[in-house]
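**Student:** I'd like to ask you about the structure that follows.
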Amino acid sequence: MNKGLVHLYWGEGKGKTTAAFGLALRMLGSGGTVTVVQFLKDGQSSELEPLRKLGATVYSGQAGTGFFSQMSPEERQQVRARHDDLLRRALETDCDLLVLDEACAACRLGMVDEELLRQAMLGRPAGREVVLTGRDPADWMQQAADYSTEMRCHKHPYQKGITARKGVEY
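Sequential numbering of the sequence shown, starting at -8, is according to my numbering.
Below you can see the structure in the form of structure tokens.
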């Protein structure tokens, strides 16, 4: 019997979302179905449209919401309500792989219902793989993970003043 497992890609280094979307591509290439929820992102990342074209269902934030630290309390409340709604919708899909991008930060910042995240991980249907990404996962995420891969930054172009580049960082 195919038991779906939990993948956790976390840490300060680059590559968490890239690893998650690489797994999504692998699942789609093998004939599986994929649902993606992006938290705390504006839905403008370059990889989302190709994933959609390959059949993935993608739910993401809306452009113009800005960084968490720049949001008013009202904006934060609206974004959290949107995240909760996107996650609920994603949980209603029938998929082989559920990617919860930036779930760690969304949970830590209170920008998604933590119990709903727990349900996505711990109450998943048999056979469903779940991926969470983010910098600082909650202890319960670490404990529930079957795979836990820490991305550590040893060197990054940003340290030299090179900003994010389309097609590489987004």
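Glycine residues also receive a C-beta, built at the ideal position from the N, C-alpha and C atoms. Being a predicted model, the structure only gives us computed values, none of them experimental.
1) Going by the DSSP bridge assignment, what does T140 pair with across the sheet?
2) Quick one: Cα of R4 to Cα of E160, how far?
3) How many whole angstroms separate the CB atoms of T24 and C86, which I take to be in contact at a CB cut-off of 8 Å?
4) Could you tell me which whole alpha helix (DSSP H) segments of length 4 or greater appear in the segment 82 to 139?
5) Going by DSSP, what residue range makes up the alpha helix (DSSP H) through T24?
6) Assuming contact is defined by CB atoms lying nearer than 8 Å, are E120 and L(-4) in contact in what I supplied?
7) Comparing the C-beta of E105 with each C-beta of chain C, is any distance below 8 Å?
8) Measure the Cβ-Cβ separation of K7 and G158 and say whether it is below 8 Å.
9) Beta-carbon within less than 8 Å of L42's beta-carbon, same chain only, minus the 5 sequence neighbours each way: which residues are those?
10) So, do the segment 69 to 85 and the segment 106 to 122 have three or more beta carbon pairs nearer to each other than 8 Å?
11) Where does the unbroken beta strand (DSSP E) through T48 begin, and where does it stop?
12) Report all residues from its chain with a CB closer than 8 Å to the CB of K(-6); omit the five preceding and five following residues, and keep chain order.
13) Does the Cβ of G2 have 16 or more other Cβ atoms within 10 Å, making it buried, or fewer, making it exposed?
14) Below 8 Å between beta carbons: does that hold for Y138 and L(-1)?
15) How is S60 classed by DSSP in three states: helix, strand or coil?
**Tutor:** Taking the geometry as given:
1) Note: T140 sits in a beta bridge opposite Y0.
2) According to the sequence shown, residue 4 is Gly rather than Arg. G4 and E160 have their alpha carbons spaced roughly 12 Å apart.
3) T24 to C86, Cβ: 4 Å. Contact.
4) DSSP assignment within the segment 82 to 139 yields the following whole alpha helix (DSSP H) runs of 4 residues or more, N-terminal first: 94 to 99, 105 to 113 and 130 to 135.
5) Annotation: T24 is outside any alpha helix (DSSP H) and is labelled neither H nor E by DSSP.
6) Cβ distance < 8 Å, so E120 and L(-4) count as in contact.
7) The chain labelled as chain C is not found in the depicted structure, where only one protein chain is given.
8) Cβ atoms of K7 and G158: not closer than 8 Å.
9) Hits under 8 Å: F12, A15, L16, L19, V25, V27 and V49.
10) With the cut-off at 8 Å, the segment 69 to 85 and the segment 106 to 122 touch.
11) Element bounds for T48: T48 to S51.
12) Exclusion of the five residues before and after K(-6) leaves A117 and G118 as the residues of its chain whose Cβ lies within less than 8 Å of its Cβ.
13) Taking all protein chains in view, the Cβ of G2 is crowded by 16 or more other Cβ atoms within 10 Å, so the residue is classified as buried.
14) The Cβ atoms of Y138 and L(-1) sit closer than 8 Å to each other.
15) Reduced to three states, the DSSP call for S60 is helix.
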